[in-house]
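Yeah, the sequence shown ends on 234 if you go by UniProt numbering, and it's all consecutive.
In what follows, a single structure is set out as structure tokens and then discussed.
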Amino acid sequence: MSGAEDTDLPGGWDASAAEYVLGLLEGDERAAFEQRLAHDRDLRQDVEAWEDYFCSFTDAIEPVDAPPQVLRRAELELFGRDRNPFWSSLLPYLLGAVAAAAIAWMAMFSGLIGRSDAPHLWADLDTPSRGIELLAHYSPDSGTFMVRWDAGDYPEGRSLEVWMIADADAAPVSIGLVDRGGGLTEIPVSGNLAEQLYGGAAVAISEEAEGGSPSGAPEGPVLSLGSMAPREGQ
């Protein structure tokens, strides 16, 4: 694309224009690129061309308004706020969860609860560092939240507790404990909790004292976090 002769950045300025549009350039590379961009007309045209190209990927997606909790969570992650210790422990996971919540919402529409065609919701809640693999599933047919234990060892003398976080301002609500015996844990949930699951709420697994958190709020380390979404073929 670009007619610029200098190619100080790996892959050349043209490749760096694509990386810049995707937000992949950092530090000195980004500074060098923006310095060049300020006076290189061809490079600016490259950036505009890449912007048009990447935006075309979304042409087939119909716009859908995200629910308020998804927007608030995204704003807080972008612009920051004071966080309590529980939310601080979730920081490595939150951006992925926000994206997943938005995708889940775009895949659905309002008024699902109580409908016969409401989709089942799923989420992988794995902890690779411990070899734990869990699959969460919400069945609208029975109003049941389920956790299937697929791999790993249950922590000795501890309990794994499932939490739902409706949005970044809401206190986590305990859904229940993952059964120590493995297999399938089945937990009936209220219609209110189900509505929040369909609205993009995050679901987390934390390690707590045996029998669950005594305070009713998460106190132990967060092992995994995700958002429930429909899946084809399941």
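C-beta atoms are modelled at their ideal positions from N, C-alpha and C, and glycine is treated no differently.
None of the values given here were measured: they were computed from a predicted structure.
Legend entry - Element boundaries [alpha helix (DSSP H), containing tyrosine 198]: As a first step, residue 198 is located in the sequence shown; it is residue number 198 there, counting from the start. The continuous alpha helix (DSSP H) containing tyrosine 198 extends over residues 191-198.
Legend entry - Extent of the continuous alpha helix (DSSP H) run through arginine 148: Start at 1 with the first residue of the sequence shown, and residue 148 comes out as number 148. In this chain, arginine 148 is not harboured by any alpha helix (DSSP H); it is covered by the beta strand (DSSP E) spanning 144-151.
Legend entry - Counted within 10 angstroms of its Cβ, other Cβ atoms place proline 188 as buried (16 or more) or exposed: Position 188 of the sequence shown, counted from the start, is the residue given in the question as residue 188. Around the beta-carbon of proline 188, fewer than 16 other beta-carbon atoms lie within 10 Å, marking it exposed.
Inset, instruction - Could you please give me the residues that DSSP links to histidine 137 through a beta bridge? - result: Locating residue 137 in the sequence shown gives position 137, counting from the first residue. Beta-bridge pairing by DSSP links histidine 137 to Trp122 and Met146.
Inset, instruction - Say whether the stretch 127-146 touches the stretch 216-224, bearing in mind that this needs 3 or more beta-carbon pairs closer than 8 angstroms, one atom from each stretch. - result: Contact holds: three or more Cβ-Cβ distances are below 8 angstroms.
Legend entry - Helix, strand or coil at methionine 108 [DSSP, three-state]: On the sequence shown, position 108 is the one that residue 108 refers to. Confidence in methionine 108 is poor, its pLDDT being 48 and thus under 50, which makes the residue's placement too unreliable to answer from.
Legend entry - Buried versus exposed, by CB contacts within 10 Å (16 or more), tyrosine 138: As a first step, residue 138 is located in the sequence shown; it is residue number 138 there, counting from the start. Its Cβ being crowded by 16 or more others within 10 Å, tyrosine 138 is buried.
Legend entry - Buried or exposed by the 16-neighbour rule on C-beta atoms within 10 Å, applied to serine 159: As a working note, residue 159 is residue 159 in the sequence shown. Answer is buried; the Cβ neighbour count reaches 16.
Legend entry - Those residues which DSSP pairs with methionine 164 across a bridge: Start at 1 with the first residue of the sequence shown, and residue 164 comes out as number 164. Answer is Val173 and Val203.
Inset, instruction - Return the CA-CA distance between serine 215 and leucine 177, expressed in angstroms with no decimal places. - result: Taking the sequence shown and counting its residues from 1, one reaches residue 215 at position 215. Taking the sequence shown and counting its residues from 1, one reaches residue 177 at position 177. Cα to Cα, serine 215 sits roughly 14 angstroms from leucine 177.
Legend entry - Contact set for valine 47: own chain, Cβ-Cβ below 8 angstroms, skip 5 residues either direction: Within the sequence shown, the letter at position 47 stands for residue 47. Cβ neighbours of valine 47 beyond the five flanking positions: Ala17, Tyr20, Val21 and Leu37.
Inset, instruction - Rounded to whole angstroms, what's the CA-CA distance from threonine 144 to alanine 170? Just pull it up for me. - result: Your numbering for residue 144 matches position 144 in the sequence shown. Your numbering for residue 170 matches position 170 in the sequence shown. Rounded to the nearest angstrom, the two C-alpha atoms are 22 angstroms apart.
Inset, instruction - Return the chain-ordered list of same chain residues with a C-beta closer than 6 angstroms to the C-beta of proline 140, the five sequence neighbours on each side being excluded. - result: In the sequence shown, residue 140 corresponds to position 140, counting from 1. For proline 140, where only same-chain residues beyond five positions count, the Cβ hits under 6 angstroms are Ala118.
Legend entry - Per-residue DSSP class, three states only, for serine 215: Along the sequence shown, read from residue 1 onward, the residue named residue 215 stands at position 215. Serine 215 falls in the coil class under three-state DSSP.
Legend entry - Three-way DSSP call (helix, strand, coil) for proline 221 in this model: For the purposes of this step, residue 221 is taken as the residue at position 221 of the sequence shown. It is coil, neither helix nor strand.
Legend entry - Exposure of methionine 228, with buried meaning 16 or more beta-carbon neighbours within 10 Å: What you label residue 228 is simply residue 228 of the sequence shown in a count that begins at 1. Counting C-beta atoms within 10 angstroms of its own C-beta, methionine 228 has 16 or more neighbours from the protein chains shown and is therefore classed as buried.
Legend entry - leucine 43 versus Phe54, Ala15, Tyr53 and Ser174, residue with shortest Cα-Cα distance: Position 43 of the sequence shown, counted from the first residue, corresponds to residue 43. Closest by alpha carbon: Ala15.
Legend entry - Residue range of the unbroken beta strand (DSSP E) whose run includes leucine 43: Walking along the sequence shown from the start, residue 43 turns up at place 43. Counted as a single uninterrupted DSSP element, the stretch harbouring leucine 43 is not any beta strand (DSSP E) but the alpha helix (DSSP H) occupying residues 41-55.
Legend entry - Exposure of proline 218, with buried meaning 16 or more beta-carbon neighbours within 10 Å: In the sequence shown, residue 218 corresponds to position 218, counting from 1. Proline 218 should be labelled buried.
Inset, instruction - Tell whether a beta-carbon distance below 7 angstroms holds between methionine 146 and valine 203. - result: Start at 1 with the first residue of the sequence shown, and residue 146 comes out as number 146. Start at 1 with the first residue of the sequence shown, and residue 203 comes out as number 203. In this structure, valine 203 does not lie closer than 7 angstroms to methionine 146 by Cβ.
Inset, instruction - Specify, as a first and last residue, the run of the beta strand (DSSP E) that leucine 184 falls within. - result: Locating residue 184 in the sequence shown gives position 184, counting from the first residue. Taken as a continuous stretch (DSSP letters only), the beta strand (DSSP E) holding leucine 184 covers 184-188.
Legend entry - Below-7 angstroms beta-carbon distance, tyrosine 20 vs any chain D residue: Annotation note: the requested chain D is absent from the structure, which comprises a single protein chain.
Legend entry - Presumed contact (8 angstroms Cβ cut-off) between glutamate 156 and serine 213, rounded CB distance: As a working mapping, residue 156 is identified with position 156 in the sequence shown. As a working mapping, residue 213 is identified with position 213 in the sequence shown. No, glutamate 156 and serine 213 are not in contact; Cβ-Cβ is about 18 angstroms, not under 8 angstroms.
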